[in-house]
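Residue numbers (my numbering), protein chains in the order written: chain U, 464 to 809; chain V, 57 to 320; chain X, 46 to 363.
The structure appears right after this line, and notes come after that.
Shown next, in the form of structure tokens:
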């Protein structure tokens, strides 16, 4: 059963909130470049703000400028697109499945994409990102189909609980397949060890540039489709009764999710919990309207990933793979969510 | 207002129950008349189900006590309670592949120890429960192949197999069509009059309750508004006070029980 | 219905004999009989190499299957499994911490660390899922969350640990029966037997736990206490299995389903059936692993997941 209604605030509360949504969105969007520039100042050696700006506007070949353009800029850009893409993918999944636990990480879509990438590297020797991304798309799509098929079996259809468990089963299965491949192939193990945890480090600008167009296309598509997605979120009966092409829009949403999550994984590996946590943060800010949730998820996801990654490096001096950081932040949120809303999730 | 039945094995003594600061039952006392069919009625949210669960010992009241055979329930073990009293929840759930026979056999749980084997007495109790509910021919059917009415009867059989003298049911007729509703009500009435069972059921249909029950309790906002035999309780002013409807009470031409016609 | 157990038992016997016979030095059934009669060469191969491995495989498989049956009954969900619910993650974390942070010989401490990790994870799940009592759904979801946390912690340790330590930890976490001997079998037996017997005694309670909470309590069962006891038994069994063979996923998920196909819904029958199927599955995974030169733990999901997919697909019309 879908229960989107439980989220909808009574009376005009959500309407009065909507008046503030526009300005709030502007603030969130404005915060993104600020966060990005700050994130570029932190790292192994702090670089002053004006050096960053100088490197971005006029490259002078100095060591600091090389570090900014070759190391910090790609990492921050990768963080921005990965965060925005995973958050929006999670928001779309939560809307379409009416499932507050839906997210590319929990439902095994990240694991599917990651497995396909490892497979391509180990068995076919593919190393060009432009090719790998298609494997990531195929893996994400395959995983989505499997999880939905298994999770919707039995009485009651695809309940949040069953989908989450099916996602856990598939993730464990793919992890074991990956282990089998890596145990037999030391070379691949070395090249994917960090990536398979989820990491933004060491991605050259060319790789970011190869992946970004797909992700940006997905983000644009999600924003354009926000209204029909909002209608979908109200349940299949309502959607059909207002004349929406249910199967068509569901398929379109699946394509968007695969595009967003697949390209994020191709770039940064399977980063979990961004797609779960950010839409919930957005919902706390703007209420149950998925048009606003999707619009907010993009900047919030980018801020969360880049901010958490940079904050750990800058303030604590630890360079953790972003996949671990996100799990450390996201898993407690997930447990809190499970404690609060368990009865809705059956 | 509260009419004391001559004897009572189940009694609520000034109980109050609340969830997160909101009182659902407020200082409510009454005793369940033994060997009679008591219907619990009230508008949605009046606390009927909560009261029933408190009577079953599933909720411990914040203040006051529920007594069974004169002993406070809080001092008894779940097994001791289960041998005296059985409850059928509103929408009970069990594994879908279980057969009716196995489901009913679970009703014997409170009568068996860790090492006790299945006995002839267990067998007899199950058979009696299946016969009373007319589910004997369904015994080997899995639960998932039953219709709504058959399912309700199977669960009733499970509750009966518990062989307790007190039977509590939460909306046993909801989701059933009229004929199945009448079947369930007739079964309850038969249990009371032929086996001497004490029955307390939460019901929605006032007229149906008046036809089958011996006693009616009207509940509003967690407090007892009226109790007594149907002819006393079925009064237009009481119905109006409890359900906020304008009602006319007439007499059933066949059974001579009161019938409630609600208007607005 | 009792006939349903004949097939799995004979299958288990056949698998055990095959595992005993197959290897670098092939043994004919006659050799195995000879070993039993006291032939020295065959005796070494059967008695000290393959014998304990088969014995440990059977017992670990049975433990995992029974733990899985408990989990599915307590969580009321056919997809629940101790491994998916953080118990394997906790064990893996315990062992990784031990390997990465302690110097010196730690091999003999690995089972203990695995067991301690599993117990702590199970306690954390039960504690965090407690909110005016437990609920099956909360237990599952909190389990998934704890699983993700322990996974992240393991990744953290392995990403920054010494490569040789990490390789040892990864090897252990793959799950295998390498190096099984009679000592390991005897302490596994000592740990698991009481829990297996206790679980069998609680078969009726397991039957009733499939009902909804109100029903369970009005039948006279002390619900939260019983859930706690059963989760404890499940942790002992899964923890002992993890300690003996590393984390082996999916046997606990699949064996109860195979037992379910065989008929009877009562746990008095289901538990021994599931245990037998668990033994078959692990023997098969170990045999396959030896053929492909991979640890058994890599193969259990490869066998398990397609099976689960088919089973659930067939149930989809229910």
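Beta carbons: idealized from backbone N, C-alpha and C, even for Gly.
Small disclaimer: the values here were computed from a predicted structure and weren't measured.
query: Whole angstroms are fine: how far does the CA of residue 246/X sit from the CA of residue 171/V?; result: 8 Å
query: Could you work out which residues of chain X lie near residue 784/U, taking near to mean beta carbons separated by less than 9 Å?; result: 200, 201 and 204
query: Measuring straight from C-alpha to C-alpha, what distance separates residue 236/X and residue 286/X?; result: 10 Å
query: Near residue 186/V, which residues of its chain fall below 7 Å by C-beta distance, leaving aside the five closest residues on each side in sequence?; result: 160, 192, 195 and 213
query: If the cut-off is 7 Å on Cβ atoms, which residues from the region 250-270 of chain X count as contacting chain V, listed in chain order?; result: 252, 253, 255, 256, 257, 259, 260, 262, 263, 264, 265, 266 and 267
query: Closer than 9 Å, CB to CB, is residue 793/U near chain X or not?; result: yes
query: Reducing DSSP to helix, strand and coil, say where residue 75/V ends up.; result: strand
query: Measuring CB to CB, does residue 346/X end up less than 9 Å from residue 216/X?; result: no
query: Give every residue of the same chain whose Cβ lies closer than 6 Å to the Cβ of residue 95/X, excluding the five residues on either side of it in the sequence, and list them in chain order.; result: 65
query: Applying the criterion that 16 or more other CB atoms from any shown protein chain within 10 Å of the CB defines a buried residue, is residue 227/V buried or exposed?; result: buried
query: At which residue ranges does the region 204-236 of chain X contain complete alpha helix (DSSP H) runs of 4 or more residues, listed in the order of the chain?; result: 208-219
query: Out of 223/V, 292/V, 157/V and 69/V, point me to the one whose CA is closest to residue 128/V's CA.; result: 69/V
query: Please report the residue range of the alpha helix (DSSP H) in which residue 286/V lies.; result: 286-289
query: Assign residue 254/V to one of three DSSP states: helix, strand, or coil.; result: strand
query: Compare the C-beta of residue 728/U against all C-beta atoms of chain X and say whether one is closer than 9 Å.; result: no
query: Kindly indicate the opening and closing residues of the beta strand (DSSP E) around residue 119/V.; result: 119-124
query: Taking the alpha-carbon of residue 64/V as reference, which of 83/V, 124/V and 74/V has the nearest alpha-carbon?; result: 124/V
query: Run the CB neighbour count on residue 177/X, radius 10 Å, all protein chains shown included, and call it buried at 16 or more, exposed below.; result: exposed
query: Alpha carbons only, please: which of 706/U, 610/U, 602/U and 586/U is nearest the one belonging to residue 579/U?; result: 602/U
query: Buried or exposed: residue 380/X, going by 16 or more other Cβ atoms within 10 Å of its Cβ?; result: Only positions 46 to 363 of chain X appear in this structure, which leaves residue 380/X out of reach.
query: With contact counted as at least three CB pairs below 8 Å, one residue from each stretch, are the region 680-697 of chain U and the region 516-535 of chain U in contact?; result: no
query: Whether or not the region 314-333 of chain X and the region 267-278 of chain X are in contact is what I'm after, with contact meaning three or more pairs of Cβ atoms, one per stretch, closer than 8 Å; do they touch?; result: no
query: Against chain U, does residue 55/X count as a neighbour if the rule is that its beta carbon must be under 9 Å from one of theirs?; result: no
query: Apply the 10 Å Cβ neighbour rule to residue 320/V and answer buried if 16 or more other Cβ atoms are within range, or exposed otherwise.; result: exposed
query: Quick check on residue 252/X: buried or exposed, where buried means 16 or more other Cβ atoms within 10 Å of its Cβ?; result: buried
query: Mind pulling the chain X residues with CB within less than 7 Å of residue 741/U?; result: Residues of chain X passing the Cβ test: none, with the nearest at roughly 16 Å.
query: Take residue 299/V and list the residues in its own chain whose beta-carbon comes closer than 6 Å to its own, dropping the five residues that flank it on each side.; result: 99
query: By how many angstroms is the C-alpha of residue 559/U removed from the C-alpha of residue 173/X?; result: 29 Å
query: Residues of the region 126-151 of chain V with a CB closer than 9 Å to any CB of chain X: list them in chain order, please.; result: 133, 134, 135, 136, 137, 138, 139, 141, 142, 143, 144, 145, 146, 147, 148, 149, 150 and 151
query: Going straight from the alpha carbon of residue 553/U to that of residue 571/U, what length do you get?; result: 12 Å
query: Can you tell me whether residue 304/V is helix, strand or coil according to DSSP?; result: strand
query: Grouping DSSP H, G and I as helix and E and B as strand, with all else coil, what is residue 490/U?; result: helix
query: With DSSP run on the structure shown, which of helix, strand or coil describes residue 315/V?; result: strand
query: Would residue 224/X and residue 195/X be called neighbours here (beta carbons separated by less than 9 Å)?; result: no
query: According to DSSP, residue 276/V sits in a beta bridge with which residue or residues?; result: 279/V
query: Would a check of beta-carbon distances place residue 219/X closer than 9 Å to chain U?; result: yes
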